[in-house]
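Okay, structure first, notes after.
Number of protein chains: 2
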Amino acid sequence: MCQSSAYLIKEDGREELVMEDVNIVKPRGAQILMVDILGTEKLIAARIKELQLVDHRIILEEVD
Amino acid sequence: MCQSSAYLIKEDGREELVMEDVNIVKPRGAQILMVDILGTEKLIAARIKELQLVDHRIILEEVD
Numbered sequence: 043m044c045q046s047s048a049y050l051i052k053e054d055g056r057e058e059l060v061m062e063d064v065n066i067v068k069p070r071g072a073q074i075l076m077v078d079i080l081g082t083e084k085l086i087a088a089r090i091k092e093l094q095l096v097d098h099r100i101i102l103e104e105v106d
Numbered sequence: 043m044c045q046s047s048a049y050l051i052k053e054d055g056r057e058e059l060v061m062e063d064v065n066i067v068k069p070r071g072a073q074i075l076m077v078d079i080l081g082t083e084k085l086i087a088a089r090i091k092e093l094q095l096v097d098h099r100i101i102l103e104e105v106d
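Chain order of the listed sequences is A and B. Convert by adding 42 to the 1-based position in the first sequence; the result is the number in my numbering. Convert by adding 42 to the 1-based position in the second sequence; the result is the number in my numbering.
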């Protein structure tokens with residue numbers, strides 16, 4: 043299984059784990075909709091900064 | 043290994059495979075930089091439409 047963990051880079055540079063076992067990621071304007079492998083949804087005001095798929099990492103950054 | 047394949051949705055709705063074994067994905071303005079597991083880079087004028095991680099699919103759409 044290739045679900046990933048999503049981390050949000052805060053404005054002060056700290057990295058915060060915001061969701062585990064993420065399956066679906068959909069940008070929606072200034073927000074990101076994520077759905078985990080159980081179907082739980084989370085909507086975050088952020089944009090995708092980088093994906094590191096082999097390391098199972100989704101890096102998000104806060105929208106200004 | 044959790045690398046994915048990247049598909050570009052063309053303006054006519056067709057889906058085109060643009061890169062396999064993608065490890066890193068970085069949005070860069072109106073472009074997407076992708077790096078595969080061998081380090082090969084590809085820069086595409088597109089944005090991320092959706093990630094389907096369990097299915098190893100990165101869906102990109104052409105930028106208007």
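We put the CB at the ideal spot given by N, CA and C, even for glycine.
CB contact check: residue i to chain A, cutoff 9 Å
i	result
Val-105 (chain B)	no
Val-67 (chain B)	yes
DSSP beta-bridge partners of residue i
i	result
Val-64 (chain A)	A:Ser-46, A:Asp-78
Arg-70 (chain B)	B:Gln-73
Closer than 9 Å to chain B by CB, residue i
i	result
Val-60 (chain A)	no
Ala-51 (chain A)	This sequence places Ile at residue 51 (chain A); Ala is not what is there. No, because no Cβ of chain B sits closer than 9 Å to the Cβ of Ile-51 (chain A).
First and last residue of the uninterrupted beta strand (DSSP E) at residue i
i	result
Lys-52 (chain A)	Here Lys-52 (chain A) belongs to no beta strand (DSSP E), and DSSP marks it neither H nor E.
Leu-102 (chain B)	99 to 104
Arg-89 (chain B)	83 to 94
Cβ separation of residue i and residue j, assumed to be a contact under 8 Å, to the nearest whole Å
i	j	result
Ile-79 (chain B)	Asp-63 (chain B)	5 Å
Inset, instruction - Note down, in chain order, all residues in the region 71 to 96 of chain B with a beta-carbon under 8 Å from any beta-carbon belonging to chain C. - result: Reference to chain C is not applicable here, since the protein chains of this structure are A and B.
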